[in-house]
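All residue numbers for the sequence shown refer to full-length UniProt numbering, where the first residue is 1 and numbers rise by one.
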Amino acid sequence: MPKWTLQEKPVDVSWTDEQWQAISLTGGNILVAAAAGSGKTAVLVERIVKRVIDPDDEVEMDRLLVVTFTKAAAAEMKARIGKRIEEELSVRPTPYLKRQYRLLNRASISTLHAFCSELIRAHYYEINVDPTIRLANDTERELLKEEVLEALLERYYAFNKEEMPDFYTMAEAYSGDRSDTSLRTLLLQLYTRSRSHPDPDRWLEESARMYEQPYGDVGESPWGKVILEEVLSFVSGAIANHSRGLQLAEQEDGPAFYRERLTEELEALRGFTNCHTWDQWQQRLHAFTWKRLPSKKKDDPSDPQVAERVKGLRDNSKKLVQKAQELLMTDSKGNQMRLQQMQGRVRMLTTLVKEFAKAYREEKAERSLMDFDDLEHFALDILSEQSIAEPSAIARQYKARFQEVLTDEYQDTNQVQEAILQLVANGENRFMVGDVKQSIYRFRLAEPGLFIEKQTTYEKLAFPLDTLSEAKGIRIDLAHNFRSRKEVLDAVNYVFAETMDKHVGEVEYDQTQALQYGNQDYRKEDEGYDVHVALVEKEDEENTSGFELSAEKEAKWTANKINELRESGYLVYDKKQNHMRPIEYRDITILMRSLPSAPVFVDVFKKAGIPLFSDRDEGYFRHVEVQIMLSLLKIIDNPFQDIPLASVLRSPIVGLKDDELASIRLHDQDGFFYEALQATLMNEKKKSEWMERLTHFNKQLQNWRTRARTTAISTFIWELFTETGYDVFVGGLPGGKQRQANVRALYDRAKAFEDTSFRGIFRFLRFVERMEDQGDDFESARTVSEQENVVRLMSIHKSKGLEFPVVFVVDMWKQFNLMDTRRQTQIHQTLGFGSTYLDIERRVKYPTMAETAIKKLQEREQISEELRVLYVALTRAKEKLFLLGSVKDREAKMEVWMEQAESSLSLHERKQARRFFDWVVPVVLQHEGVNRVSNKKQHPSKWTLDDLVEVPTLALTQPQSTNPTVQLLKQLERVDGRTAGMESEVERRLAFHYLYPEATKTAAKQSVTELKQKTNWHSLNDTYQKNASHSIKEPRFLKGEQKLSSTEKGSLMHRIMQRLSFQTSDPSHIKQEIEAISNRLSLNQEERRVISYQRIIEFHQSSVGTRLLHAKKVKKEVPFSYIQPKGRFSSYEEGAEDDGVLIRGIIDVLWWDKNGELCLLDYKTDRIPSSSLDKQEVEKVLKERYEHQIAYYKQAIETIWRVPVKECWLYFFDGGMDIQLFK
């Protein structure tokens, strides 16, 4: 059993008691529930450092596994740990601490994906993957999936219906009327969801078996349980409404004549909760009827408004009961029959997904690729045997190695990642930090249930520790917030105490979860920091510009408020300067749930003179300048595309007018526009300026189409820029800087695309089209940096982990995106697959209980996540928080909210919330400071509620200056008169001399090749120099040659040698391996032709090659960087000895011989000097040429690795000569 130990908290530390417990408690698994702003990263860093520096419990840095959510978090954590160890070294510079500091860069502090990648590189042989395997990018992965799925479906479509009836029935059920796109999408979604399970095939199999199990009462099935829970929720909501209505009826001014009917109905509703089976619920609900309410008597003294409120509550109850009845339209037997009808379709779907997974895996293996899913699943395969419950020998090694496994942002972990962490932990050394209230990545398949399960089952830390000896784990709550003012924390606690619980939000917001004020730097007497809620009227949606008007109103209100804050000198606390200062633009951030209205804010803020940095705009591919370049690429790929061709002809690239395009069409009115263009060139007799341009363009087009077949697309796009001058043209248009950046970004994106295994214009255009069809897009090129003094606008998800002095949460009336819950096909991690049932013969669709259950559960989980998103948004603010939304039918909606505010929000009301304001406004209305309803609640939070009708006119900043000198300067006019004494100051500034002029004459970074060229090796042998030619040759493309240059041949040989396995000297095996490498590299015919198989075989059979075959370990293409003083190099001027040069290079091969000693090899593809020299002279020439380069390599390895290099070798493929240096 764990033996818990907790060190006594030192007197001189500033940690809270809970933070110290999280830092120093040891003995077993620990879960730290760290609230927003509680300093969890600092606590995690301190725990790591303490474990490393503690003399009584020294843990080697490389025996800790620290998993972070992002690369940036890992880098920050390493930096923080390094800084803390440096502080300890200044006090206690022991050899042990120095070693830990050196080990920091090798420590396992990374994302889980990075850890998995390292694991695969080290143990690739265990799962039979290529050691040169690389991670495919998004483009490559999606295109490859489409190709594999296309091939799989074509194989099935090759059968007729009689041979494959189940397939065709399933395909018809899940395909659209015109294509099978929806079927393809469904298969890919099932594949993706299956990969979030540690055993994908098992999950698919269980999803199919759920339909094949007999259920006596479908209410006991996984789907039935969810549906009955939902039915009970509706009935409970109706009971709450009726109870509230009955209370109003029993008031002195209430409608007493309603009491009897309401009491009767309330008893009936309560009776429903005694139902246990599906059929009991179904029969009793459908037997229930609503009777008419009694009429009011003439002399009845009740208040008509109260009576209307009671009727409204009863009407709501009727709607809830109706929803419950709709969920139970079919009895248990009917649902069982529908499940049986679905069995074959679901089984076929899962079979196809399994086959796709296998084919996709094989295709990736063929290309030596893997994706992010593979990183995790390959790691699982290495760490487990037959099942994830059975650790492999490698997993047991990691269990012994890691003394503690620490996980940051644990609430965002998924099931596969949890399985990996379990396999490398020893069962009692997990340390997990997170906050389930900030779990907002369910769309990335994060599983907050993992955190919730431990939060529920782990014991809360208590004393004495002996009472916890049986505990499965310990939970420590960090509730003190050191980020925000008390006004912000009080507001957050007030809202979420009323809205968040295990039903909505999936966590009970009690005292253990409430934020406690911890930052004592803020002055309590400061005023003006209450939370500001503003509602503006939303325009009628029938107005097509209503959306823009609403967004524009919110943008104007926000801009006006920002100008007001700056003009009033609103004070914020500066932590670095430790005092209050006036607000700046960089202190303000605007948060949105999503960013479709971001361009509206950009435009409004531009008009207001407020600099704004937005994380998103209207989309990269939608810019006209980008569309024109894409159209040009499309017609180069295939000119028989009318719209792209017409757009290019009309664009500035050709510059034809509308009547000139019409003239072209008249030459061939029925064919393709390209055919009309060719007919025009052949038949048009009249010479004109536009015909000359058209003729020139046609010649260009033919030339481009020829070159496009052999030129890399990124290079080709750059050549198009040069030859058309289009990028220069757009630079001269309004907004030219942005337009030019967008056009040139196309080159960068094409270059990134060609880093994949795909090639060519067609593939690139197909990728672009797929992005546009699916609504994905790149962002426009950036011309403004977020590091400048600007207001930032970002999504709430992007803001997670950040903090800002002033926060505007806008678009609070935006409806939650629940589109996924409305699809006819549903996928869930625990409930499997569900869909409507399509009767193929009748073409009629029927709902199924599986589909209904998953929809309801998905909706419940999505609503909970939306509440957590709101929590993340509100907790970003340090000092001032604004909540803004434009509400349609504001007055009517306010009446609904005020009715809800007359009592606490019921569970049903909280579950039915569809906008952030549906939670916030009713709670704020109850606050005594707002004073809007009779049900007032006392709470220390401070609120301002603005219920606005119109937004004031946009206030502009930067007013025109009245200074006459400024006006003259703006008009570029001469300013008369000079200020005395300024001439000398101008001369002083212009006469500035850099203090270190010598440093400007030398490069701070040098490659070994550049350093080699600075040495005097070339003057050591005149005979060799006579064989070298220094004339500048005409470029290959100008001479029309397709042959490779010597440099390209050398690079190609290095690419081949880098990928060879060095496992055999058998010529046939080597040839097969080279062929496989050529295929993976997609080499063209010319590149394949120049590969010298014989020279590579001779290398394997040479003395140095034979030693490589028997080496203990071989590393290829080893990069290095290290700094040397400039004084070490004779080529640098005197006086630079104290400066440093960063030397970089790549060593071809390092190997450890049979005695474990390190040796170095560098390949050379140079031509050996002429035969007029004997072998000794040639060897002397070559040694003199390369000894400086190899000396740099040797020195770098010995300096960085602190390991002596025993031997250094050169191998020349021309002549098969190997030369040993520095004997």
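Ideal Cβ positions, reconstructed from N, Cα and C, are used throughout, including at glycine.
The model shown is predicted, which means the values in this text are computed figures rather than measured ones.
- Within the segment 664-744, the runs of alpha helix (DSSP H) at least 4 residues long that lie entirely inside it are, in chain order, 673-683, 689-708, 713-724, 726-731.
- Contact check between the segment 860-880 and the segment 894-907: fewer than three CB pairs, one atom from each, fall below 8 Å, which does not count as touching.
- Assigned with DSSP and collapsed to three states, N481 falls in strand.
- Taken in chain order, the complete beta strand (DSSP E) segments of 3 residues or longer contained in the segment 602-665 are 612-614.
- Counting C-beta atoms within 10 angstroms of its own C-beta, L349 has 16 or more neighbours from the protein chains shown and is therefore classed as buried.
- Residue pairing for Y1122: DSSP places it in a beta bridge opposite I1143.
- Beta-bridge partners of Q1006 (DSSP): I1143.
- DSSP, read as helix, strand or coil, puts M1053 in helix.
- Pairwise C-beta distances place the segment 131-140 out of contact with the segment 95-109, as fewer than three of them are shorter than 8 Å.
- Between K399 and N429, the alpha-carbon positions lie close to 9 Å from each other.
- If you keep only unbroken alpha helix (DSSP H) runs of at least 4 residues inside the segment 298-360, you get 304-327.
- Secondary-structure assignment with DSSP links M812 through no beta bridge to anything.
- Contact annotation: P448 and V433 have beta-carbon atoms that are not nearer than 7 Å.
- Between Y441 and D412, the CB-CB gap stays under 7 Å.
- Nearest in C-alpha terms to S1065, of all of I1074, K1071, Q1058, H1100, is H1100.
- Around K9, the same chain offers W20 as residues with beta carbons nearer than 6 Å, after the five sequence neighbours per side are excluded.
- For L765, same chain residues with a beta-carbon under 8 Å away, outside a window of 5 residues either side, are L630, L633, K634, D637 in chain order.
- Taking C-alpha positions only, L701 is separated from A708 by approximately 10 Å.
- As computed with DSSP, K1175 is found in no beta bridge at all.
- The beta-carbon distance between L649 and L661, rounded to whole angstroms, is 6 Å. This is short enough to meet the 8 Å contact definition.
- R876 sits away from S795, with the two beta carbons spaced by 7 Å or more.
- For the options H1069, Y125, V924, V728, the alpha carbon positioned closest to that of F378 is the one of Y125.
- Judged by beta-carbon spacing, C116 lies within the 7 Å limit of E376, meaning their Cβ atoms are closer than that value.
- Sequence-distant Cβ neighbours of V626 in its own chain, meaning closer than 7 Å and more than five residues away, are Y620, N742, V743, L746.
- With contact defined as three or more Cβ pairs closer than 8 Å, the segment 462-470 and the segment 506-519 are not in contact.
- Here DSSP, grouped into helix, strand and coil, assigns V436 to helix.
- DSSP lists no beta-bridge partner residue for V924.
- Residue environment analysis places L802 among the exposed positions, since fewer than 16 neighbouring C-beta atoms fall within 10 angstroms of its C-beta.
- Per the coordinates, the alpha-carbon of H1054 lies some 14 Å from the alpha-carbon of T132.
- Between V933 and Y494, the beta carbon gap of about 15 Å keeps them out of contact (Cβ cut-off 8 Å).
- Excluding five sequence positions before and after L645, the CB atoms of its chain that fall closer than 7 Å to its own CB belong to I635, P639, F673, Y674, given in chain order.
- The DSSP-derived three-state label of S906 is coil.
- In the DSSP annotation of this structure, the continuous segment of the alpha helix (DSSP H) that includes P1067 starts and ends at 1067-1080.
- E404 sits in a strand when the DSSP states are folded into three classes.
- Judged by their CB atoms, G832 and S207 are nearer to each other than the 7 Å cut-off.
- Contact between R1095 and F1213 holds: CB atoms are separated by about 5 Å, below the 8 Å threshold.
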